[in-house]
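>
In my numbering, the protein residues as written are 951 to 1154.
#1: What does the alpha-carbon distance come out to for the pair residue 1021 and residue 1138?
#2: Between which two residues does the alpha helix (DSSP H) holding residue 1095 run?
#3: Does DSSP put residue 1048 in a helix, a strand or coil?
#4: Please check the pair residue 1057 and residue 1032, which I expect to be a contact at CB under 8 Å, by giving their CB distance rounded to whole angstroms.
#5: How many whole angstroms separate the CB atoms of residue 953 and residue 1061, which I take to be in contact at a CB cut-off of 8 Å?
#6: Beta-carbon separation of residue 1135 and residue 976 under 9 Å?
#7: Less than 9 Å separating the beta-carbons of residue 1150 and residue 1053?
#8: Go to residue 959, then tell me how far its beta strand (DSSP E) extends in each direction, as first and last residue.
#9: Could you have a look at residue 1075 and say whether DSSP puts it in helix, strand or coil?
#10: Candidates 1003, 1047, 1051: which alpha carbon is nearest residue 1026's?
#11: Please determine if the stretch 981-1000 and the stretch 1095-1114 are in contact, where contact requires at least 3 C-beta pairs separated by less than 8 Å.
#12: What residue from 1071, 1030, 993, 1080 has the CA that sits closest to residue 963's CA?
#13: For the candidate residues 1078, 1087, 1016, whose alpha-carbon lies nearest to that of residue 1228?
#14: Quick one: residues in its chain with C-beta nearer than 7 Å to the C-beta of residue 980, no 5 flanking neighbours on either side, listed in chain order?
#15: Over the uninterrupted beta strand (DSSP E) stretch that includes residue 1055, give me the two end residues.
#16: Can you give the Cα-Cα distance for residue 1038 and residue 1153, rounded to whole angstroms?
#17: Going by the CB atoms, is the gap between residue 1063 and residue 957 shorter than 9 Å?
#18: Would you list the one or two residues that DSSP bridges to residue 1129?
#19: Residue 1045: buried (16+ other C-beta within 10 angstroms of its C-beta) or exposed?
#20: Only counting the same chain, and skipping five residues up and downstream in sequence, which positions put a Cβ closer than 7 Å to that of residue 1119?
#21: Provide the residue(s) that pair with residue 1042 in DSSP beta bridges, ordered along the chain.
Below, the structure written as structure tokens:
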């Protein structure tokens, strides 16, 4: 059975991962979730101080080919071994996560609509649009709580790369979206997507 692939894009801190997580919770046995964040290229050849200064918000920071390969494996009914990125070290860890083939595959990330080959894998493309002030506050809270960052480093990264790359690369990709949501906690949008997934599952 061919999986139905849903891409969920949006700016950093937009709520796309929250939206994807809610869908996964609603259909735990029918959905596999892939986070684009785990596909940042490794930079083990660089010291930590240099890795921290790299631009992680440009397309060149991501391994799109591996994402496409993993989606094709899942479509073929084979599990995929997804890398696990260590944000405290700014490189991939030595661990992998097994992603199982399921009727619905969710993939979320800021730049998943940028790559044509990855975009072509998706049956439904959702873009989560959120006010910039709300996005930076969410990002600061997440990076400080979960990724071991201090406020000064969060602000510097936001101003130097996150904001300009959002305007240059991320926001323009919403033209490829089938649906644009106003915020990741939009309840009506969640119920509509949930109902569509239920219809897809009922047909399988």
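Idealized CB from N, CA, C, for every residue including glycine.
A quick look at the data gives this:
#1: 29 Å
#2: 1082-1096
#3: Shown here, residue 1048 sits in a strand according to DSSP, grouped into three states.
#4: No, residue 1057 and residue 1032 are not in contact; Cβ-Cβ is about 10 Å, not under 8 Å.
#5: Incorrect: roughly 22 Å between the Cβ atoms, too far for contact.
#6: no
#7: A Cβ-Cβ contact shorter than 9 Å links residue 1150 with residue 1053.
#8: Run containing residue 959: 954-960, per the beta strand (DSSP E) assignment.
#9: DSSP places residue 1075 in strand when its eight states are reduced to three.
#10: 1051
#11: no
#12: Ranking the options by Cα distance to residue 963, first place goes to 1080.
#13: Outside the displayed range of the chain (951 to 1154) lies residue 1228, so it cannot be described from this structure.
#14: Here the set comprises 1052, 1053, 1054, 1151.
#15: 1054-1058
#16: 43 Å
#17: Yes, the pair counts as a contact, with Cβ atoms nearer than the cut-off.
#18: 1076
#19: By the neighbour-count criterion, in which a residue is buried when 16 or more other Cβ atoms sit within 10 angstroms of its Cβ, residue 1045 is exposed.
#20: Shown here for residue 1119: same chain residues with a beta carbon closer than 7 Å to its own, the five before and five after excluded, namely 1008, 1009, 1061, 1064 in chain order.
#21: 1035
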